[in-house]
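Written below as structure tokens is the structure these notes are about.
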Amino acid sequence: MLARFKNPWPTHMPGLKDVLRWKLGFGDKIVPQFPLAHDPAPWLALTKEQLHDMPPRGWRVTWLGHAAFLLSGCGVHLLIDPIFSEYCGPLRCLGLRRKVPTPCHLDELPPITAVLLTHTHYDHCDLPTLRALGKDTPLIVPEGHSAWFARAGFASARSLAWWQSVDMVPGISVTATPAQHFTARGLADRNRGHWCGWCVAGGGVKLWHSGDSGYCPAFREIGARLGPLDFGMIGIGAYQPNWFMRSLHMTPGEALLAFQDSGCRHAVAMHWGTFQLSDEPLGEPPLLLARELSERGVAPERFQAGGVGQQWSIVECGGLPPPGQASLLAGAGMPPELLGQAL
Numbered sequence: 018m019l020a021r022f023k024n025p026w027p028t029h030m031p032g033l034k035d036v037l038r039w040k041l042g043f044g045d046k047i048v049p050q051f052p053l054a055h056d057p058a059p060w061l062a063l064t065k066e067q068l069h070d071m072p073p074r075g076w077r078v079t080w081l082g083h084a085a086f087l088l089s090g091c092g093v094h095l096l097i098d099p100i101f102s103e104y105c106g107p108l109r110c111l112g113l114r115r116k117v118p119t120p121c122h123l124d125e126l127p128p129i130t131a132v133l134l135t136h137t138h139y140d141h142c143d144l145p146t147l148r149a150l151g152k153d154t155p156l157i158v159p160e161g162h163s164a165w166f167a168r169a170g171f172a173s174a175r176s177l178a179w180w181q182s183v184d185m186v187p188g189i190s191v192t193a194t195p196a197q198h199f200t201a202r203g204l205a206d207r208n209r210g211h212w213c214g215w216c217v218a219g220g221g222v223k224l225w226h227s228g229d230s231g232y233c234p235a236f237r238e239i240g241a242r243l244g245p246l247d248f249g250m251i252g253i254g255a256y257q258p259n260w261f262m263r264s265l266h267m268t269p270g271e272a273l274l275a276f277q278d279s280g281c282r283h284a285v286a287m288h289w290g291t292f293q294l295s296d297e298p299l300g301e302p303p304l305l306l307a308r309e310l311s312e313r314g315v316a317p318e319r320f321q322a323g324g325v326g327q328q329w330s331i332v333e334c335g336g337l338p339p340p341g342q343a344s345l346l347a348g349a350g351m352p353p354e355l356l357g358q359a360l
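In short: position in the sequence shown from 1, add 17, done, that's the working numbering.
The following block contains the structure:
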């Protein structure tokens with residue numbers, strides 16, 4: 018069966034030959050820019066009270082590691098791409114072991130209103146986690162996946178095409194946004210379903226999760242159609258070897274371009290420091306991001322690489338805040354060197 022979905026702009030997507038070239042060592046030799054940066058992402062344990070607390074206004078965004086986030090606000094708790102398993106992969110023996118623990122146990126999470134999934138790769142769509150949350154938990158998934166989730170036993174999987182929106186509850190909408198990637202669970206189902214990012218809007222705030230994506234023209238359109246975006250969650254890791262990964266994931270420099278193209282006011286880096294998916298040192302992405310921010314004159318507190326378990330409070334600001342006025346607060350007990358300054 019022919020693949021159903023594809024990226025709508027010219028893109029070279031790696032195939033089996035490219036995988037073999039990479040794994041057998043026939044690609045270009047990689048010279049790490051920070052060769053000793055092998056430490057995983059910083060980590061902080063969260064209490065049940067911190068996880069259940071509902072902010073009085075705006076949203077609280079909690080990084081659960083990799084591309085997983087808990088979004089709490091306007092009376093709802095949303096999960097994006099949750100993975101609480103020790104390994105990601107089809108089988109434990111074929112999976113990648115996590116390098117940093119989750120900041121909490123799964124049963125410590127608050128009642129979840131819905132789960133948003135960007136695509137079905139194992140590091141973003143973890144069936145053991147989803148089943149533990151309960152098969153009646155509403156799922157919102159990219160186009161083409163609802164039947165697959167129904168076969169997997171989930172009672173409610175609502176699929177959205179790019180730019181389609183759904184109201185979670187009155188006053189809170191979720192919109193599927195374009196991304197450049199692919200999806201598959203095995204060798205025979207490549208691109209049978211789509212991939213996306215998510216924009217959550219409510220309480221005067223817009224949050225955007227980029228999903229897995231290479232750098233692409235969609236980011237400018239996302240900003241033009243949905244902006245201004247108050248807070249982004251943007252991938253900065255899994256970029257080496259670049260000849261293989263550049264269509265799938267962004268370098269930190271490309272992530273900064275995506276941040277600027279989309280018009281995000283603030284962002285946190287994701288998709289780094291949790292699983293060793295690719296060849297760059299595990300701790301290199303945030304160091305490269307810091308260098309890119311400095312070279313391009315972007316204030317480091319606008320695009321942070323925080324720690325697993327870190328929380329951010331985002332309130333309506335209606336435009337870039339004047340100097341000294343807070344609209345994004347880094348929070349929740351991280352060491353000072355991991356915290357962004359209040360704006």
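We put the beta carbon where it would ideally sit given N, CA and C, even for glycine.
Counting along the chain, GLN327 sits inside no alpha helix (DSSP H), nor does DSSP assign it H or E at all.
With 16 or more neighbouring CB atoms inside 10 Å of its own CB, GLY240 falls in the buried class.
Of all C-beta pairs linking the stretch 227-241 to the stretch 261-277, three or more are shorter than 8 Å, placing the two stretches in contact. For MET185, there is no enclosing alpha helix (DSSP H); the enclosing beta strand (DSSP E) covers residues 182-186.
By the Cβ criterion, the stretch 146-158 is in contact with the stretch 127-134, since at least three pairs of Cβ atoms, one from each stretch, lie closer than 8 Å. Between ARG109 and THR291, the CB-CB gap reaches or exceeds 9 Å. Here LYS223 carries a strand assignment [DSSP, helix/strand/coil]. Its chain contains PRO99, ILE100, PHE101, SER102, LEU123 as the residues whose beta carbon lies nearer than 8 Å to that of THR146, once the 5 sequence neighbours on both sides are disregarded; these appear in chain order. By the 16-neighbour rule on beta-carbons within 10 angstroms, LYS23 is exposed. For the pair CYS216 and SER230, the Cα-to-Cα distance works out to about 15 Å. For SER295 and HIS138, the gap between their C-alpha atoms comes out near 15 Å. Counting along the chain, the unbroken alpha helix (DSSP H) around ILE239 starts and ends at 235-243.
Contact between GLY75 and ILE251 does not hold, since the beta-carbon distance rounds to 20 Å and is not under 8 Å. The alpha-carbon of HIS211 is positioned some 20 Å away from that of HIS83. Inter-residue distance for GLY42 and ASN259 is about 14 Å (C-alpha atoms, whole angstroms).
Cα atoms of MET71 and CYS142: separation of roughly 26 Å, rounded to the nearest angstrom.
The beta carbons of ILE47 and GLU297 sit closer together than 9 Å. Only residues of its own chain outside the window of five on either side were considered, and among them PRO120, CYS121, GLY326 have a CB closer than 8 Å to the CB of ALA62, listed in chain order.
Under the DSSP assignment, PHE248 falls in the beta strand (DSSP E) whose first and last residues are 246-252. Less than 9 Å divides the Cβ of ASP140 from the Cβ of CYS105. A distance below 7 Å between beta-carbons, with the five flanking residues on each side excluded, links MET262 to the following residues of its chain, in chain order: ALA255, TYR256, SER295. Here ARG168 is exposed: its Cβ has fewer than 16 other Cβ atoms, across all protein chains shown, within 10 Å. Using a 10 angstroms sphere on the CB of GLY90, the tally of other CB atoms reaches 16 or more, which defines it as buried. The bridge partners DSSP lists for CYS281 are LEU246. For LEU246, the closest alpha carbon among the candidates ALA149, GLY221, HIS266, PRO25 is that of GLY221. Annotation: LYS34 to LYS40 spans about 10 Å, alpha carbon to alpha carbon.
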